[in-house]
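Residues 18 to 906, numbered by the numbering used here, are exactly what the sequence shown covers, in order.
Think of the CB as a built atom: it goes at the ideal place given N, C-alpha and C, for glycine as much as any other residue.
What follows is a set of notes on a single structure, which appears directly below.
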Amino acid sequence: MRIGIFFGGNSREREVSFAGGRTVYDNLDKTIFEAVPIFVDSFNNFILLDWHLIYKGSIRDFYPSVNFLQAAKQEVQVYAESLKAAYADNGKLMASKIGKLVRPDQFKALFDFAFLALHGNFGEDGTIQGLLEWYAIPYSGSGILPSAAGMNKRLQKQWMKAAGMNVPKYYAFDKSKLANLKQIFADAKEQVGIPFVVKPANQGSSVGVSVISTDEFEVFETAVKKAFFIQIITKKEWVEKSKSEKTQFIQKITNVKEGIGLPAIYNRKTYYHPDKLWLLLDKTFKTKKSLQLESIYSETECLIESFIEGREFSCIVLRNEDGSAVALPPTEIVKGREIYDYRSKYLPGLSRKITPMDLPEEKIQEIRKACEHLFTYFNFHVYARIDGFLNANGELFLNDPNTTSGMMPSSFFFHQAAEIGLNPSQFLTYIIRTSVAERIATQPMQEEHKKLLDNIEAQLTINKSKKATKKRVAVFMGGYSTERHISVESGRNIYEKLASSDKYQPFPVFVTGNDQHHELYLLPVNVMLKDNADDIREKVMHYHQAPIMKKIIAECKSIINKYSNSQLFEPKKISYAVLKNMADTVFIALHGRPGEDGTVQKELHKIKLPFNGSDVQSSQLTINKFDTNELLKKNGFLVAEHMLVQQKDFILNQQKVINKAEKIGYPLIAKPADDGCSSAVKKIKNREQLIAYAEGVFRQEQELNELLRARLKLAPKEEFPRKNFFLVEKFIEKGKATHFLEVTGGMLTHYKNKKLVYETFEPSETLAEAEILSLEEKFLAGQGQNITPARYAASPKYNAIISAKVQEELKAAAKVLKVEGYCRIDAFVRVFPKNKIEVVFIEVNSLPGMTPATAIFHQCALSGYKPYEFIDRILNFGEQRLLINKKIK
Numbered sequence: 018m019r020i021g022i023f024f025g026g027n028s029r030e031r032e033v034s035f036a037g038g039r040t041v042y043d044n045l046d047k048t049i050f051e052a053v054p055i056f057v058d059s060f061n062n063f064i065l066l067d068w069h070l071i072y073k074g075s076i077r078d079f080y081p082s083v084n085f086l087q088a089a090k091q092e093v094q095v096y097a098e099s100l101k102a103a104y105a106d107n108g109k110l111m112a113s114k115i116g117k118l119v120r121p122d123q124f125k126a127l128f129d130f131a132f133l134a135l136h137g138n139f140g141e142d143g144t145i146q147g148l149l150e151w152y153a154i155p156y157s158g159s160g161i162l163p164s165a166a167g168m169n170k171r172l173q174k175q176w177m178k179a180a181g182m183n184v185p186k187y188y189a190f191d192k193s194k195l196a197n198l199k200q201i202f203a204d205a206k207e208q209v210g211i212p213f214v215v216k217p218a219n220q221g222s223s224v225g226v227s228v229i230s231t232d233e234f235e236v237f238e239t240a241v242k243k244a245f246f247i248q249i250i251t252k253k254e255w256v257e258k259s260k261s262e263k264t265q266f267i268q269k270i271t272n273v274k275e276g277i278g279l280p281a282i283y284n285r286k287t288y289y290h291p292d293k294l295w296l297l298l299d300k301t302f303k304t305k306k307s308l309q310l311e312s313i314y315s316e317t318e319c320l321i322e323s324f325i326e327g328r329e330f331s332c333i334v335l336r337n338e339d340g341s342a343v344a345l346p347p348t349e350i351v352k353g354r355e356i357y358d359y360r361s362k363y364l365p366g367l368s369r370k371i372t373p374m375d376l377p378e379e380k381i382q383e384i385r386k387a388c389e390h391l392f393t394y395f396n397f398h399v400y401a402r403i404d405g406f407l408n409a410n411g412e413l414f415l416n417d418p419n420t421t422s423g424m425m426p427s428s429f430f431f432h433q434a435a436e437i438g439l440n441p442s443q444f445l446t447y448i449i450r451t452s453v454a455e456r457i458a459t460q461p462m463q464e465e466h467k468k469l470l471d472n473i474e475a476q477l478t479i480n481k482s483k484k485a486t487k488k489r490v491a492v493f494m495g496g497y498s499t500e501r502h503i504s505v506e507s508g509r510n511i512y513e514k515l516a517s518s519d520k521y522q523p524f525p526v527f528v529t530g531n532d533q534h535h536e537l538y539l540l541p542v543n544v545m546l547k548d549n550a551d552d553i554r555e556k557v558m559h560y561h562q563a564p565i566m567k568k569i570i571a572e573c574k575s576i577i578n579k580y581s582n583s584q585l586f587e588p589k590k591i592s593y594a595v596l597k598n599m600a601d602t603v604f605i606a607l608h609g610r611p612g613e614d615g616t617v618q619k620e621l622h623k624i625k626l627p628f629n630g631s632d633v634q635s636s637q638l639t640i641n642k643f644d645t646n647e648l649l650k651k652n653g654f655l656v657a658e659h660m661l662v663q664q665k666d667f668i669l670n671q672q673k674v675i676n677k678a679e680k681i682g683y684p685l686i687a688k689p690a691d692d693g694c695s696s697a698v699k700k701i702k703n704r705e706q707l708i709a710y711a712e713g714v715f716r717q718e719q720e721l722n723e724l725l726r727a728r729l730k731l732a733p734k735e736e737f738p739r740k741n742f743f744l745v746e747k748f749i750e751k752g753k754a755t756h757f758l759e760v761t762g763g764m765l766t767h768y769k770n771k772k773l774v775y776e777t778f779e780p781s782e783t784l785a786e787a788e789i790l791s792l793e794e795k796f797l798a799g800q801g802q803n804i805t806p807a808r809y810a811a812s813p814k815y816n817a818i819i820s821a822k823v824q825e826e827l828k829a830a831a832k833v834l835k836v837e838g839y840c841r842i843d844a845f846v847r848v849f850p851k852n853k854i855e856v857v858f859i860e861v862n863s864l865p866g867m868t869p870a871t872a873i874f875h876q877c878a879l880s881g882y883k884p885y886e887f888i889d890r891i892l893n894f895g896e897q898r899l900l901i902n903k904k905i906k
């Protein structure tokens, strides 16, 4: 059965949609479904997307394609709507370069069912649903009317209040009332009361939202304008910034998630491109003190509602097999008073989700019943995500029912389904099968739909009766490094890619402990999908199933029996000896210790299980950035001038250590010598910052005090490890080169006649929004700016020549370090006249991140490997290596 996956779109949540569509594409059960990617662009064109582009980190990494981009003065990536010339043909020429343009009357020739992973306008407002009904194509989720109702927050509140539901006080007004803001502020204070929340009425739940907690009109005015995507910029804000700060400022404005986005209007003139906006600001502030920009993708209505001081939750409601609504266990979102934003939602480790909420059983049942009632009242179909609050008095307020949930791996959508034992692939099968049944019940043209339903039912029966002939893969995740949360994200991604295949049967294994001893735990899928590594560790150490879960599992028994085959509902500690009889092979998705230092590999050698990545000796070398640099330098490779700062030396003679570091010269880079690639990496500009870094790393206490956090300029919840040594390097700069860029290059190894062969991929160019590439930019979908292939030269011919040279240099370094399986190498490249180049090595990752958004998947796609095929090759190499080593012995 062919599944057309609709994703992307032109809403402010397009990156969430793009990442969600990729998740669906990868997780569809390949024994039943064939995925057909239908990308919706900024102009609402439908494009049968070239498959390799699905694995780009964000939409801007591939669309608009490079040949349509003008020579920009600023390093700011743009969406297609920022190219004025594209409006002449509604973006069709640009769209044709990333795939095949498709008309709605051609849909039926391409797919049998539409899976809607679109968000916002044209995605969850009934528009696309109406188009698909026009062409009699069954689709996922709710129908036209409930989708439209689920989109408008003011209408939701009105209907819920009319039905007697508990609704927070609210006040709504449209854009035409903006001139009367002082009166609106007075009315809002009287009718709603401070504190209150200001939000757009027709956007996603974390877009354009502000909390007003003080009686200050200026703060209120800014919040309202934010909700309407209007921004006032003052002369002081602009002219006092350095060039790099101005670039970051423009980046923020043009970011559709955080800023107003472009195109924007000033004095009735539209500004499409960041360069034009920069010129406007420079010109305007010669004579004026401020200007007001307004996005052309504005908002029609603003909603003000009382801020509920209480516990926030989200609950997925499903259509059960008997047609009734059944609520999954509600999840509590644990955070501070701050807004639950995109970064908090999707970067592992920044927020906590507790499922089910820690409440008496009767209160959880009250929440579930209220959500089921709302689902039925709005006539939602298949599934919905309903958010709400529980205040200090135990009053329940439901809020923001959503007919389309985020479908990224860490979303509530999969998180709660896992609580009843369904992995993402199984849950997607449930969504598709139930959606077909809903369309049969609600649409007049049913015969074709009935055939689809019969085919799915037949395949599910066949799959249930199949004997277990798949290869068993233990997927190791977690660990105890600062990148343990990213490791969980990598491990989940590997698990999900393998779980939807017809070759492998993966099972998750959580690794925890310390440098002296580590332990292994089998994870049920619900624990694997907990929000971060620390939550998982807490669960495996103190597992307790809430009594309510037995009731919910019983209520969902018909769904579980039809779609799931999991019998494990609680974590179980195992030894390596036990693992030997459970697995045929191991995929180590750990970052840092104990996965990248050879510790786990030693244990797997003892039980003769094949594994991915480098062997013990190479892993022990590449975990240590100082030793790696020393060996590369010894073999003639370029590395930054560097030194190791030892705690004992710093305590004994601080001044001597600082003097030695200062001989290298500021600015410096300080980073742990044996931790993740983005963990605690800081640019050091002076002695004060160097001392602060050393004090942070060498501190006695586990937690950093607030003063030191401020001195180190750490983001909220950013970790800073304790170590007894760290690495200091010279900050690499352009120098006399004509072009300078940071790249990351992946590679894969094979055996040819029992000899090791290296296959290098096209490196990606990595663009940092600030001075150092952040964890978000490396691993969070939609955040990083990776351009693959890297841009070394304007001429395609010279670009290819330079790329080949860079790849040869990276390959030569990998050989010296005896890297095996696969790896990712980070480096700076200086390009000089006549294509002379310098490659300055930063570090080597022997077990690189395998999150859905990571650059290595963009690169392997250009070499013809889908992520599953890439993972399959990695596992095959581990098996071959074990066989070859056995024969040699």
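In this structure P541 is buried. Its beta-carbon is surrounded by 16 or more other beta-carbon atoms within 10 angstroms. Closest in C-alpha terms to K468, from the list E746, V617, V453, comes V453. A residue is called buried once 16 or more other Cβ atoms fall within 10 Å of its Cβ, and S193, having fewer, is exposed. Under the 10 Å beta carbon count, Y538 is surrounded by 16 or more other beta carbons and is classified as buried. Counting along the chain, the unbroken alpha helix (DSSP H) around G147 starts and ends at 144-151.
Ranked by how close their Cα comes to the Cα of E51, the residues V57, S59, Y42, Q460 have Y42 in first place.
A residue is called buried once 16 or more other Cβ atoms fall within 10 Å of its Cβ, and L515 is buried on that count.
When rounded, the separation of the alpha-carbon atoms in A829 and V774 is 12 Å.
For C573, there is no enclosing beta strand (DSSP E), since its DSSP letter is neither H nor E.
When beta bridges are read from the DSSP output, Q663 appears opposite F742.
Note on the region 165-236: whole alpha helix (DSSP H) runs with a minimum of 4 residues are 170-179, 198-208, in chain order. Scanning the region 848-880 from its first residue to its last, the whole beta strand (DSSP E) runs of 3-plus residues come out as 853-862.
For a cut-off of 8 Å, the C-beta gap from I891 to N722 is around 43 Å, too long to register as a contact.
If only complete runs of 3 or more residues are kept, the region 331-416 shows the beta strand (DSSP E) at 342-344, 348-351, 369-371, 400-408, in order along the chain. CA-CA distance, A690 to K589, rounds to 34 Å. Ranked by Cα distance from F63, the first of G37, L110, S75 is L110. Taken through DSSP and simplified to helix, strand or coil, T602 comes out as strand.
Rounded to whole angstroms, E98 and Q463 show a C-alpha spacing of 39 Å.
For secondary structure counted as the beta strand (DSSP E) over 3 or more consecutive residues, the region 534-602 holds these complete runs in sequence order: 535-539, 589-591. Inter-residue distance for Y80 and V209 is about 43 Å (C-alpha atoms, whole angstroms). A direct Cα-to-Cα measurement between Y283 and L127 gives close to 43 Å. Here F245 carries a coil assignment [DSSP, helix/strand/coil]. For M111, the enclosing alpha helix (DSSP H) stretches over residues 109-113. DSSP places L445 outside any beta strand (DSSP E); the residue lies instead in the alpha helix (DSSP H), whose first and last residues are 441-459.
Setting aside the 5 residues that flank it on each side, G838 is surrounded in the same chain by N629, G630, S631, T766, I891, F894, G895, each with a C-beta closer than 7 Å to its C-beta; the list follows chain order. Per DSSP, the continuous alpha helix (DSSP H) segment holding L892 begins and ends at 884-905.
The alpha helix (DSSP H) runs of length 4 or more contained entirely in the region 262-305 are, from start to end of the chain, 291-301. Counting along the chain, S34 sits inside the alpha helix (DSSP H) bounded by residues 31-44. Partner residues in the beta bridge of D843, as assigned by DSSP, are T761, E860.
When DSSP reads this structure, N419 sits in a beta bridge with R402.
With a threshold of 16 other beta carbon atoms within 10 Å, V856 meets it and is buried.
Around the C-beta of F234, fewer than 16 other C-beta atoms lie within 10 Å, and the residue is accordingly described as exposed. In its chain, beyond the 5 residues on either side, N44, L45, D46, E513, A516, S517 have a beta carbon closer than 8 Å to the beta carbon of S442.
Between the region 310-321 and the region 212-229, the count of C-beta pairs closer than 8 Å reaches three or more; the two stretches touch. Note on geometry: alpha-carbon atoms of Y400 and S157 lie some 9 Å from one another. Taking C-beta separations shorter than 8 Å and ignoring five residues to either side along the sequence, the partners of F757 in its chain run E750, K751, F845, V846, R847, V848, following chain order.
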